[in-house]
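Numbering follows full-length UniProt numbering, in which position 174 of the sequence shown is assigned residue number 174; successive positions increment by one, without gaps.
Read through the structure below, which is laid out as structure tokens, and then see the notes.
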Amino acid sequence: MDNKAEFDSLVPAQGFDRRSFLVTSLGAGFALATMPVAAQTAIRTDATGLLAGEVRVPVGDGEMVAYRAAPEGVAKAPVVLLISEIFGVHEYIRDTARRLAKLGYFVVAPELFARQGDPRKIDSVAEIIEKISSKTPDAEVMKDLDASVAWAAKQGADTTRLAITGFCWGGRITWLYSAHNPGVKAGVAWYGRLVSPVNSYNPRHPIDLVGELKAPVLGLYGGVDTGIPVETVDAMEAALKKGSPAAQASQMHLYDNAPHAFHADYRPSYHKEEAEDGWQRMLAWFRKNGV
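Structure (structure tokens):
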């Protein structure tokens, strides 16, 4: 059984039986669980010269809301799928999309929690995890990302030059999608969990998929991340050397003094030097792999 079919067969039935979307609009601002730090420290990127805003992406059971940012008037721009943390597509993710669009990318940031609930309106991280992110099936996410790529192609973007990047929860998804879709050219995973107990929603994790990676992934991790021990980063690095050709072309980069979420400029965890270095490494990785 190929990887895509395996994901499809393992998705809980409720993931696709639910016909309604609980998130139908992205609104504005930062997720409640990240306040009040966000309002005072975040980087702000304007939309001048961009086609930026909320869009609807057709998926198997309806329409999923997403944020699109792309250079205005540019045909066949390369595509970047931008995957959020557990907080959903709030202002940090939208701003990151605009930053990438200013560099010439057609960016789609889908609200992958749309069926489970709106994490931006919950002020408790524990509640977001319990009720939303932990109940979002990997197989459902893979299908939604496939739909996002198909939508981008219909908008005139060049999906033959396709990259994916994501933060925290989205970092893990970056690894998974790079094993799922043979059309991906490059992935950059920012501090995404590599190992974890399995369940019906998350039947496999990045370290389990090194033999099936279809695109090289650059992993950016923090040496003092209390949620992702360095030994798991080391284990992933060792596993990649024995994986698929794309896995063997992947790289892990560890910032010794960086915590989790070191790129999140709206949170106390932000480390400017490491965040900026990681950003440049990401762009170089995209270019190296034809995106």
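Where a beta carbon is used, it is the ideal one built from N, C-alpha and C, also for glycine.
Being a predicted model, the structure only gives us computed values, none of them experimental.
Check, Outcome
"Pick from A152, K135, T45, A47 that is closest to P58, judged by C-alpha positions", "A152"
"Whole-angstrom distance between G222 and A235, CA atom to CA atom", "15 Å"
"Local Cβ density within 10 Å of D17, reported as buried at 16 or more and exposed below that", "Since pLDDT at D17 reaches only 44, below the 50 mark, its modelled position is unreliable, and the value read off the structure follows with that caveat. By the neighbour-count rule (16 or more Cβ atoms within 10 Å), D17 is not buried but exposed."
"Buried/exposed call for D256, threshold 16 Cβ in 10 Å", "exposed"
"H263 versus A28, S148, M35, C168, residue with shortest Cα-Cα distance", "C168"
"L209 vs A179 beta-carbon contact at 8 Å", "yes"
"Cβ neighbour criterion (16 or more within 10 Å) applied to S133", "buried"
"Helix, strand or coil at D158 [DSSP, three-state]", "strand"
"Test item: CB-CB of G156 and W175 under 8 Å", "no"
"Of the residues L50, N289, A139, M252, the one placed nearest T232, counting alpha carbons only", "M252"
"Status (buried if at least 16 other CB within 10 Å, exposed otherwise) for V141", "buried"
"Under the three-state DSSP convention, the category E111 falls into", "coil"
"Candidates P206, W190, M64, R115, of which the one nearest S148 by Cα", "M64"
"Identity of the residue in A66, S269, R281, A238 nearest D225 by Cα", "S269"
"Inter-stretch contact at 8 Å, needing at least 3 Cβ pairs: the segment 99 to 111 / the segment 181 to 201", "no"
"Simplified DSSP state of E63, which is helix, strand or coil", "strand"
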